[in-house]
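Residue 123 in the numbering used here is what sits at position 67 of the sequence shown, and the numbering runs on without skipping anything. Heads up, the beta-carbon is just placed ideally off N, CA and C, and yes, glycines get one too.
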Amino acid sequence: MKDIMLADTPVEQRAQILRDSCDQIVERSYTRKFDQEEINERRADLANVAIQKADLEQSLAEIRADYKGKIKTLEERIVKLRDELKAGGDWIKGDCFKFVDEEEKMVGFYSPEGYLLEQRPMTQDERQRNVFRAIRADKTGTDD
57 MKDIMLADTP VEQRAQILRD SCDQIVERSY TRKFDQEEIN ERRADLANVA IQKADLEQSL
117 AEIRADYKGK IKTLEERIVK LRDELKAGGD WIKGDCFKFV DEEEKMVGFY SPEGYLLEQR
177 PMTQDERQRN VFRAIRADKT GTDD
(Lines of atoms letter the chains of each structure in order from A and count residues from 1; the text may use other names and numbers.)
(Lines give C-alpha, C1' and ligand atoms only; values in the text may rest on other atoms or scores of the structure.)
Protein backbone atom coordinates (compact mmCIF):
# COMPACT_ATOMS: atom_id res chain seq x y z
CA MET A 1 0.00 0.00 0.00
CA LYS A 2 1.15 3.54 -0.67
CA ASP A 3 2.83 5.62 2.07
CA ILE A 4 0.95 8.72 0.87
CA MET A 5 -2.30 8.21 -0.97
CA LEU A 6 -3.16 10.87 -3.57
CA ALA A 7 0.28 12.47 -3.22
CA ASP A 8 -0.28 14.66 -6.29
CA THR A 9 -3.62 15.97 -4.96
CA PRO A 10 -3.62 19.11 -2.77
CA VAL A 11 -3.78 18.26 0.96
CA GLU A 12 -6.99 20.29 1.33
CA GLN A 13 -8.83 17.98 -1.12
CA ARG A 14 -7.38 14.65 0.07
CA ALA A 15 -9.64 14.22 3.10
CA GLN A 16 -12.82 14.60 1.03
CA ILE A 17 -11.57 12.26 -1.71
CA LEU A 18 -10.49 9.68 0.88
CA ARG A 19 -13.84 10.02 2.68
CA ASP A 20 -15.75 9.48 -0.58
CA SER A 21 -13.76 6.45 -1.74
CA CYS A 22 -12.80 4.51 1.42
CA ASP A 23 -14.31 1.21 2.52
CA GLN A 24 -15.06 2.41 6.02
CA ILE A 25 -14.44 5.47 8.23
CA VAL A 26 -12.90 4.45 11.55
CA GLU A 27 -12.18 6.79 14.45
CA ARG A 28 -8.63 6.12 15.67
CA SER A 29 -5.82 7.84 17.46
CA TYR A 30 -2.66 8.42 15.44
CA THR A 31 0.40 10.63 15.21
CA ARG A 32 -0.13 13.49 12.79
CA LYS A 33 3.22 14.34 11.22
CA PHE A 34 4.48 17.91 11.67
CA ASP A 35 5.48 19.87 8.62
CA GLN A 36 8.83 21.68 8.73
CA GLU A 37 7.23 24.94 9.90
CA GLU A 38 5.55 23.23 12.86
CA ILE A 39 8.80 21.47 13.79
CA ASN A 40 10.63 24.80 13.72
CA GLU A 41 7.90 26.40 15.86
CA ARG A 42 8.14 23.57 18.41
CA ARG A 43 11.92 23.83 18.50
CA ALA A 44 11.74 27.59 19.03
CA ASP A 45 9.09 27.08 21.70
CA LEU A 46 11.26 24.43 23.38
CA ALA A 47 14.28 26.77 23.34
CA ASN A 48 12.23 29.61 24.82
CA VAL A 49 10.78 27.41 27.54
CA ALA A 50 14.23 26.01 28.37
CA ILE A 51 15.63 29.55 28.63
CA GLN A 52 12.77 30.58 30.90
CA LYS A 53 13.39 27.53 33.08
CA ALA A 54 17.12 28.32 33.37
CA ASP A 55 16.36 31.91 34.40
CA LEU A 56 13.91 30.76 37.04
CA GLU A 57 16.31 28.15 38.43
CA GLN A 58 18.95 30.87 38.89
CA SER A 59 16.51 32.90 41.00
CA LEU A 60 15.29 29.81 42.83
CA ALA A 61 18.02 30.01 45.47
CA GLU A 62 16.64 33.38 46.59
CA ILE A 63 12.92 32.80 46.24
CA ARG A 64 12.52 29.01 46.16
CA ALA A 65 8.94 28.88 47.37
CA ASP A 66 7.62 31.47 44.89
CA TYR A 67 9.10 29.85 41.81
CA LYS A 68 8.54 26.17 42.58
CA GLY A 69 5.10 26.10 40.94
CA LYS A 70 6.26 27.99 37.84
CA ILE A 71 9.14 25.56 37.25
CA LYS A 72 6.87 22.54 37.56
CA THR A 73 4.59 23.97 34.85
CA LEU A 74 7.55 24.61 32.56
CA GLU A 75 8.98 21.12 33.20
CA GLU A 76 5.69 19.58 32.12
CA ARG A 77 5.70 21.74 29.00
CA ILE A 78 9.29 20.73 28.17
CA VAL A 79 8.44 17.04 28.56
CA LYS A 80 5.39 17.47 26.35
CA LEU A 81 7.32 19.36 23.66
CA ARG A 82 10.23 16.92 23.78
CA ASP A 83 7.90 13.93 23.47
CA GLU A 84 6.09 15.58 20.55
CA LEU A 85 9.37 16.34 18.80
CA LYS A 86 10.63 12.81 19.46
CA ALA A 87 7.45 11.35 17.95
CA GLY A 88 7.59 13.84 15.08
CA GLY A 89 3.97 14.89 15.63
CA ASP A 90 1.17 15.13 18.12
CA TRP A 91 -1.20 12.32 19.16
CA ILE A 92 -4.72 13.02 17.94
CA LYS A 93 -7.99 11.14 17.66
CA GLY A 94 -10.02 11.50 14.48
CA ASP A 95 -11.48 9.80 11.44
CA CYS A 96 -9.16 7.44 9.57
CA PHE A 97 -9.91 5.80 6.25
CA LYS A 98 -9.70 2.03 5.88
CA PHE A 99 -8.90 0.51 2.50
CA VAL A 100 -8.86 -3.21 1.75
CA ASP A 101 -6.52 -4.45 -1.00
CA GLU A 102 -7.86 -7.88 -1.94
CA GLU A 103 -5.03 -8.63 -4.38
CA GLU A 104 -2.34 -8.15 -1.71
CA LYS A 105 -4.70 -9.35 1.07
CA MET A 106 -3.74 -6.28 3.09
CA VAL A 107 -5.67 -3.57 4.95
CA GLY A 108 -4.39 0.00 5.19
CA PHE A 109 -5.52 2.89 7.38
CA TYR A 110 -4.97 6.42 6.03
CA SER A 111 -5.09 9.82 7.75
CA PRO A 112 -7.23 12.62 6.25
CA GLU A 113 -3.97 14.02 4.83
CA GLY A 114 -3.54 10.75 2.88
CA TYR A 115 -0.64 9.26 4.89
CA LEU A 116 -0.53 5.51 5.52
CA LEU A 117 -0.83 5.07 9.31
CA GLU A 118 -0.95 1.30 9.57
CA GLN A 119 -0.82 -1.67 7.23
CA ARG A 120 -1.72 -5.23 8.23
CA PRO A 121 -2.95 -8.52 6.76
CA MET A 122 -6.70 -8.89 6.23
CA THR A 123 -8.71 -10.60 8.96
CA GLN A 124 -11.18 -13.39 8.18
CA ASP A 125 -14.12 -10.95 8.38
CA GLU A 126 -12.44 -8.55 5.96
CA ARG A 127 -11.95 -11.26 3.35
CA GLN A 128 -15.71 -11.23 2.71
CA ARG A 129 -16.66 -8.64 0.10
CA ASN A 130 -18.96 -5.74 0.80
CA VAL A 131 -20.90 -3.71 -1.77
CA PHE A 132 -18.20 -1.05 -2.22
CA ARG A 133 -15.41 -3.56 -2.82
CA ALA A 134 -17.58 -5.62 -5.17
CA ILE A 135 -18.28 -2.56 -7.33
CA ARG A 136 -14.63 -1.51 -7.28
CA ALA A 137 -13.45 -5.04 -8.17
CA ASP A 138 -15.84 -5.33 -11.13
CA LYS A 139 -14.43 -2.21 -12.81
CA THR A 140 -11.66 -3.01 -15.24
CA GLY A 141 -10.98 0.50 -16.49
CA THR A 142 -11.63 -0.65 -20.06
CA ASP A 143 -15.38 -0.78 -20.45
CA ASP A 144 -16.80 1.13 -17.44
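With fewer than 16 other Cβ atoms from the protein chains shown falling within 10 Å of its own Cβ, Arg120 counts as exposed.
In the DSSP assignment, Asp151 falls within the beta strand (DSSP E) that extends over 145-157.
For Gln69, the secondary structure class from DSSP, reduced to helix, strand or coil, is helix.
Taking C-beta atoms as the reference points, Val82 and Asp151 count as a pair closer than 9 Å. For secondary structure counted as the alpha helix (DSSP H) over 4 or more consecutive residues, the stretch 81-118 holds these complete runs in sequence order: 92-116. Taking C-beta separations shorter than 6 Å and ignoring five residues to either side along the sequence, the partners of Gln80 in its chain run Lys154, following chain order.
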